[in-house]
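S.K.: The structure is given below, and queries will be raised subsequently.
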Amino acid sequence: MFLPWSSEHINWGAHSFYAIGLINEAQRWAYEEMVVYGPRPQNMKLLVKSSLINGKYALSEKYTGILRNTLFYNSWAKKYEKMIGDTSAIHSDNDLGKKIKLIPQSDFFIFLDSPEQNLPVLVDETPPNREAFEYLMSWLLLSKEVDILVNNIRLMKKIGYTRIPEHIEEAIMIYYNSQGTFPDLGGLSISNGTVLRFEQYFGAYMKARQNPGTMKEKMQKQFGNTFWYYFHFK
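Its first residue numbered 1367, the sequence shown is counted upward by one per residue in the working numbering.
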């Protein structure tokens, strides 16, 4: 999800920050990539987008001008060149308009060594930031931080979810199994199918424990695509 700050991964770093609405940081990474690798279409395209969002039209003009003189990026450059100085067009654009809405309303220090620490700040700062929320929940699943994950379930309905994704439901069942109670689901509910599958998993898990040598293999065959298997065996 997040690559470390290094010359090896710098060409992708800007895109992760752009995706979650940290436009200034995305622009900085794009510049850093240009310093390391020189001008490339991907860093110039991101500089065009970030400068349009921030109203730095001279910068937008500079890089759309370069891309307009290429064979493969001519039409792309012409599209964004038309938006220079046109705030209405920028706000109406599906991508740029959405990112403008995600820009944090207050300043804070960016975590570079552990960029996942930026996510809770963004979720608290701008609750509609669904991209940051999904990055956060994915990170918590991968890190097996179930207790922290379930505390964010209450936000899901406000963000626009009509149901809880399957792997998050599975994490909730782990919490329920250890605590004996469900967390605040914010008006959403656990599907009956997930509850039934957890009962099946728990029964199979207890049975497989009798033979530790083959336990992992047996559980993988039946439940290898579940968060429960990942939580216990990965």
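Ideal placement from N, C-alpha and C gives every residue a C-beta, glycine not left out. Bear in mind the structure is a predicted one, so any value in this text is a computation, not a measurement.
What is the rounded straight-line gap between the Cα of I1469 and the Cα of M1410?
M.R.: Roughly 21 Å separates the two Cα atoms.
S.K.: Might you give, ordered along the chain, the residues of its own chain that have their beta carbon closer than 8 Å to the beta carbon of Q1393, omitting 5 neighbours on each side?
M.R.: Same-chain partners within the cutoff: A1380, L1412, L1413, S1416, S1417, N1420.
S.K.: Going straight from the alpha carbon of E1491 to that of G1569, what length do you get?
M.R.: So the alpha carbons of these two residues sit roughly 42 Å apart.
S.K.: Starting from the Cα of N1390, find the closest Cα among D1459, I1476, P1486, Y1439 and give me that residue.
M.R.: Ranking the options by Cα distance to N1390, first place goes to I1476.
S.K.: Using a Cβ distance threshold of 8 Å, determine whether the segment 1530–1542 contacts the segment 1507–1516, with at least three qualifying pairs required.
M.R.: Contact holds: three or more Cβ-Cβ distances are below 8 Å.
S.K.: Comparing alpha-carbon positions, which option in S1544, M1572, I1530, Q1576 lies nearest G1559?
M.R.: For G1559, the nearest C-alpha among the options comes from I1530.
S.K.: Taking 7 Å as the limit between beta carbons, can you name the residues of its chain near M1522, skipping five residues before and five after?
M.R.: Within the same chain, M1522 has close Cβ partners I1530, G1552, L1554.
S.K.: Is the beta carbon of L1485 closer than 9 Å to that of F1499?
M.R.: In this structure, L1485 lies closer than 9 Å to F1499 by Cβ.
S.K.: If you count every other CB in all the chains shown that lies within 10 Å of the CB of V1402, and 16 or more means buried, which is it?
M.R.: So V1402 ends up on the exposed side.
S.K.: Can you determine whether any heavy atom of the ligand FAD sits closer than 8 Å to the C-beta of G1569, and answer yes or no?
M.R.: Here there are no bound small molecules, and the ligand FAD is not part of this structure.
S.K.: If you follow the alpha helix (DSSP H) that P1578 is part of, which residue opens it and which one closes it?
M.R.: Element bounds for P1578: 1578–1589.
S.K.: Are I1432 and A1424 close, meaning C-beta to C-beta below 9 Å?
M.R.: Not in contact: I1432 and A1424 (Cβ atoms no closer than 9 Å).
S.K.: Can you give, in chain order, each stretch of the beta strand (DSSP E) that sits fully within the segment 1504–1540 and has at least 3 residues?
M.R.: Here no run is fully enclosed.
S.K.: If you follow the alpha helix (DSSP H) that E1482 is part of, which residue opens it and which one closes it?
M.R.: Looking at the DSSP string, E1482 is not in any alpha helix (DSSP H), and its letter there is neither H nor E.
S.K.: Would you decide whether S1426 is buried or exposed? Buried here means 16 or more other CB atoms lie within 10 Å of its CB.
M.R.: The residue in question, S1426, is buried, as its Cβ has 16 or more Cβ neighbours within 10 Å.
S.K.: Since H1533 and L1562 are thought to touch, with beta carbons under 8 Å apart, how far apart are those beta carbons, to the nearest angstrom?
M.R.: Between L1562 and H1533 the Cβ distance is about 16 Å, and since that is not below 8 Å, they are no contact.
S.K.: Assign W1378 to one of two classes, buried (16 or more other C-beta atoms within 10 Å of its C-beta) or exposed (fewer than that).
M.R.: That one is exposed.
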